[in-house]
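These notes concern the structure reproduced below.
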Amino acid sequence: MQDILFYVFAALTLVCGFLVVANPISRSPVTSALFLVLTIVSLSGLFVLLHAFFLAAVQIVVYAGAALVLFLFVIMMLDLKAEERRRITRLGLIGGGLVAVAMAWLFRVVPREAALVASGPAHVEGSTPALGALLFTQYLLPFEAISLVLVAGMVGAILLSRKEPS
Amino acid sequence: MDLLERLTPIEQSVTFGALKVVGVFAIVMFLVAYAVLIERRVCAAIQDRIGPNRAGPFGLLQPLADAVKAFLKEDFMPAQAHPVYFWLAPALVMIPSLLVVAVIPFGSTLGNPDNRMVIADLNIGILYTFGIASLGVYGIVLAGYAARSKYPLMGGIRSGAQMISYEIAMGLSLIPLFLLVGDLNLGAVIDYQARGLFGWLIFKQPLAFAIFLVAAFAETNRLPFDMPEAEQELAGGYNIEYSSIKFALFFMAEYAHMIAASAMLVTLFFGGWTLPFFGLDQPASTFWGGLLHIGIFLAKLLAMMVLFVWVRWMWPRFRYDQLMALGWTRLVPLALGNIVVTALWLWLKAG
Amino acid sequence: MGELARYLVLAALLFGIGLAGVLTRRNAIVVLIGIELMLNAANLNFIAFWRHGPHPEALTGVMFVLFAIAIAAAEAAVGLALVIAVYRHYRTTNLDQIEEMKG
Amino acid sequence: MTGVGYSDLLAALAPETALVLAAVAVLFVDMGLMRSAPLRQRFLTACAVAGLGCLVTLGILASSGAHLRFLDGVLVVDSLTQWVKVFLVVLTLFTAGISAQAEFTEHVGEYFALVLLATVGMMFLVSTEEILMIFVSLELTSLSLYVLAALDKRTRHASEAALKYFLFGSVAAAFTLFGLSLVYGLSGATNLTGIAAGLRAHRSDPLLAVAVVMVIMGFGFKVAVVPFHLWAPDAYEGAPVPAAALIASGSKVASFFVLAKIAVLGFAGVEGSGAWGQLRAGWLPVLAVLAVGSMVLGNLTAIAQGHLRRLLAYSAIAHAGYVLLGLMAMGYPSQRSAALAAVLYYVATYGLTTVGAFGVASVIERVLGNGRIDALAGLSRRSPLLALCLMVFLLSLAGIPPLAGFFGKFGLFTAAMGADPAGLGLLWLVGIAIAMSTVSLYYYLRVLKQAYVVAGDEEASRIVVPWTDRLVLIAAAVGVFLLGALPELLLGPLARAIAGGNGF
């Protein structure tokens, strides 16, 4: 069951991810954004399989529910059209070849490496109270720092997107 | 029952699971259909009219008549519209509210103690509902975009912005509840409230209830926050280019949202399937007791839906900027203050 | 393939897809979307390692992802605002046409 | 809390807290009290508040020096980090100083708040030994800087430059995060010493190689080394001058420090070798490649530049290459302390010089309306002070004694040469560096020739340098001169701080 679910979600993630960047039917950015939503949702399915339930929910609330809506808003407000198809350049071909080689290498090496690290799945969950307690002890400082990141991001986003009174 | 007992436990749970899914889906769809009728009858009563009473006894077949009418209308799609998104949007609006219901415990147990009346008993139930509910905005935004015309686009962006803005107030308003309960599981929330009438969280957290309720009105896009119907501003909203059954889907989605929101309200603030009298706050030991719990839940749900309907016909509409100002400058700070106060209170209580 | 290994391979593939998007697409917003894919691939790595690592009870990987998601959201907001700011001047989000500075 | 009280933590974080409060105060003063004041006045007031915040922070930094280590390395405070923070705050103070007369934006409060927030990010960055905190503070710095780069909304080029900066930066961040995830997975730890211990078992793993390269790529972007430098010229040229100054100075100091920490502490044991003829996989050869590329490409491209800030950008790339030499020397335990002192001296004086150079550019661009090198003609007559300061800064960048740049380079090169006394070691890199320094002299002198020799428009009026800019420029020039003439002023305390700490 676990295996089947993994392969289903993994396939969904990869197919949707691929359609985000290279959709043969539509080059519209809206389509890209929507397929990214699907990718995010299937990733969150994988998170559930890995027993990170809290993160699975956060992933959907924050990414799919908020960040990507923002993407859609901007695409729609700017009324972006599909970009033109480009001819594949020699550079692209060489790059693609290199990536293919890297991937082949990956399939050979990663399983062996991973075996060295893995110690079998443990039976713990990313339980919410434990996460909360850690946020206010061990991870207090990053937590405070991220609040500053959000402030900077908020100030910046408002500042930049607003129309300047001329 | 004999047939059931011959199944293995796993097969039993699968069977029950399937039954629950089908049952809940049927009840929700039934409620959606009749919510329209309730709305029209309550509205009529408020306006001192009779309301629909021709189709069937007391107008009970009115939903059917409405459905036939919706199907028979011309299904029109503007020439410039994006066909895929135009089809996708109504479905996307409908689905999330149906999925939210999956984690709501609509009863205690039925038959045997392991057969709990909730489709998915998630540890992070409440986060799940927020996650799914936040996906509802895609249908609206996409509907606005798909028609490729400016009124729907503006309407879609407005409604979308409204939904994600109020989601913040909604989420923040619930944090004090979970400070009290100490768990995100909705079953645990109900257990916490099963200690007398004043154990209900509406009495412990009235402010949270008020914020959540206001935010729920905004999330369901209903009056006093129903921008899509603000004709004088936008000539309609994101769904202006839709007609026939696709429009009916948007229409039904509004009621499905209302049901989901009511179910959340009942579970979070009104003790879910419990009643503080006659020992009805403990899981049922008999089959009929279980049914009674489901009945209590449905009764509370209907009461909340009537509240939604009542508000709609008694309130004027907010202007869009007032609506956003209310959300960001009133509700969010209030909710934050509520969190601080609750946390301080718990801290002092713990010494 | 082992439990962990298949997650790692999946994450690496996703990262590759995102990178390919960043390198080949010219629309600034789609490039941003590609970056989101790359960040997500890293997140998947973290959770897989957390789950199969020696100390899952420390929740380190989960924490990392939690912070990474928050940062990604802030980054997306700033990035989109920048795209809007650029659009106001250039009336396009095509990176090939936003190439006035030379060097 | 693992044996630490919140009050201890707050005390250790007092400098950062002061700066955050200053950021809030700037926002409040500008948007609350000064809303209707004229732009000039708003800039001056906000600059005063921000400057005051920096001074208070410097005071706090000077009065504390205890060695503290919180939460398993999430926060590490010792006299070395205090020194680096002093550099950062001084650079921020100077940046604020050269923005006092600016008028590139209506959003004065936000501008200064973001400058201060970026500095807070850098300060977090230098006093942590935990990769999560490193990532978060790196992003705090980067996000603030992206916005600062785009703040001049009137010009197309600022937004174009900021978008490029942002896109390159985000891709680099994604690479860093992916690399860090592999590091975490292989070592099972997130603090640098734990990582070093955990990685020992995986020393020759291909995955580790991927992780190391990806992490270094991310930081290579921050410090703008070839081939991750493409954003730098545009950002330096397009961003508002003070923002560019901060990007070029403070962010470099912090990034180099943390890169050194990650490489030396986190990747201890996977150094490999960068010596000529005996390259061995590890982070040393990676840095060697980056260093060579930066030194050669940076210096050669700088020759062809016609815009002063663009030229400074390519020279910055070259200088990043020199600093990498020092980082490589730190990979050899015998040279670690000396190399660290040399690197810190170098980046501190380089930051000072760069802020000064950008200060000159800021005044010139405000008066002349463009920053092309041709426009400098006759500068020595129009403003002897500006010309003199420019000369001090550029000659220091070129490494002419007795200025700080000379001594900085000298320290770096001796550290690199001493790294491997037996073999030739890093000598080949030092050779390239010296050759390229000679090349750099050419383009710096070209600028100075324009300023001093080429006669400009005889009718052109004198340039009036406002007192704030004059203060900053003179302070920076005197600093560059003093630190060059008496390097012990800085090297002494640095050496003591290094010896007093845990070797870092």
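Protein chains in written order, with the working numbering: chain A, 99 to 264; chain B, 1487 to 1837; chain C, 119 to 221; chain D, 2 to 505.
Ideal placement from N, C-alpha and C gives every residue a C-beta, glycine not left out.
Bear in mind the structure is a predicted one, so any value in this text is a computation, not a measurement.
Within the DSSP secondary-structure output, R373 of chain D pairs in a beta bridge with D:H308.
For F125 of chain D, the closest Cβ of chain A is nearer than 8 Å.
In this structure, the alpha-carbon of D73 of chain D lies about 28 Å from that of G273 of chain D.
Residue contact with chain C for M174 of chain A: absent (no Cβ-Cβ distance below 8 Å to any residue of chain C).
Contacts with chain A (Cβ-Cβ distance below 8 Å) from the stretch 185-202 of chain C involve F185, I187, A188, I189, A190, A191, A192, E193, A194, A195, V196, L198, A199, L200, V201, I202, listed in chain order. Among the residues of the stretch 221-247 of chain A, those with a Cβ less than 9 Å away from any Cβ of chain B are E223, S225, T226, P227, in the order of the chain.
Closest in alpha carbon position to L266 of chain D, among D:G406, D:L341, D:R41, D:P228, is D:L341. Per the coordinates, the alpha-carbon of L1613 of chain B lies some 14 Å from the alpha-carbon of G1668 of chain B. S274 of chain D sits in a strand when the DSSP states are folded into three classes. Segment contact: the stretch 138-155 of chain C against the stretch 111-121 of chain A, three or more CB-CB distances shorter than 8 Å; contact assigned. Contact annotation: L309 of chain D and I374 of chain D have beta-carbon atoms nearer than 8 Å.
Listed along chain C, the residues sitting closer than 8 Å to F167 of chain D by beta-carbon distance are V196, G197, L200. The alpha-carbon of A1619 of chain B is positioned some 9 Å away from that of L1585 of chain B.
A buried status is given to T46 of chain D, since no fewer than 16 other beta-carbon atoms sit within 10 Å of its beta-carbon. Chain order gives no chain A residues near Y208 of chain C, where near means a beta carbon separation below 7 Å; the closest approach is about 11 Å. Its Cα nearest to that of S438 of chain D, the residue D:M296 stands out among D:M296, D:W429, D:L413. The three-state secondary structure of V356 of chain D, taken from DSSP, is helix. By the C-beta density criterion, W232 of chain D is buried, having at least 16 other C-beta atoms within 10 angstroms. Beta-carbon to beta-carbon, Y323 of chain D and L413 of chain D are separated by about 6 Å, close enough to satisfy the 8 Å threshold.
Close to A138 of chain C, with beta-carbon spacing below 9 Å, lies no residue of chain D; the smallest spacing is near 12 Å.
Taken through DSSP and simplified to helix, strand or coil, N1824 of chain B comes out as helix. Taken through DSSP and simplified to helix, strand or coil, E131 of chain D comes out as strand. It is roughly 7 Å from the alpha-carbon of L1822 of chain B to the alpha-carbon of L1658 of chain B. Taking all protein chains in view, the Cβ of G1503 of chain B is surrounded by fewer than 16 other Cβ atoms within 10 Å, so the residue is classified as exposed.
Per DSSP, D1552 of chain B is one residue of the alpha helix (DSSP H) stretching across 1548-1558. At a cut-off of 8 Å between C-beta atoms, N158 of chain C counts as an interface residue with respect to chain A. The closest CA to that of A231 of chain A, considering only C:A192, C:N212, C:E175, C:A194, is found on C:E175. Looking at the DSSP output, F71 of chain D shares a beta bridge with D:L76. Selection D:G98, D:V242, D:L430, D:A376 evaluated against M418 of chain D yields D:L430 as nearest (Cα-Cα). Taking a beta-carbon distance threshold of 8 Å, N212 of chain C does not count as an interface residue toward chain D. Look at I135 of chain C: its C-beta is not under 8 Å from any C-beta on chain D.
Closest by C-alpha distance to V184 of chain D, out of D:L326, D:V214, D:F408, is D:V214.
By the Cβ test, the stretch 1768-1784 of chain B is in contact with the stretch 1588-1597 of chain B, since at least three Cβ pairs between them sit closer than 8 Å. Within chain B, N1609, I1610, L1613, L1670 have C-beta atoms less than 9 Å from the C-beta of F152 of chain A, given in sequence order. Per DSSP, P1710 of chain B lies in no alpha helix (DSSP H) and is assigned neither H nor E.
C-alpha of E238 of chain D to C-alpha of T156 of chain D: approximately 12 Å in a straight line.
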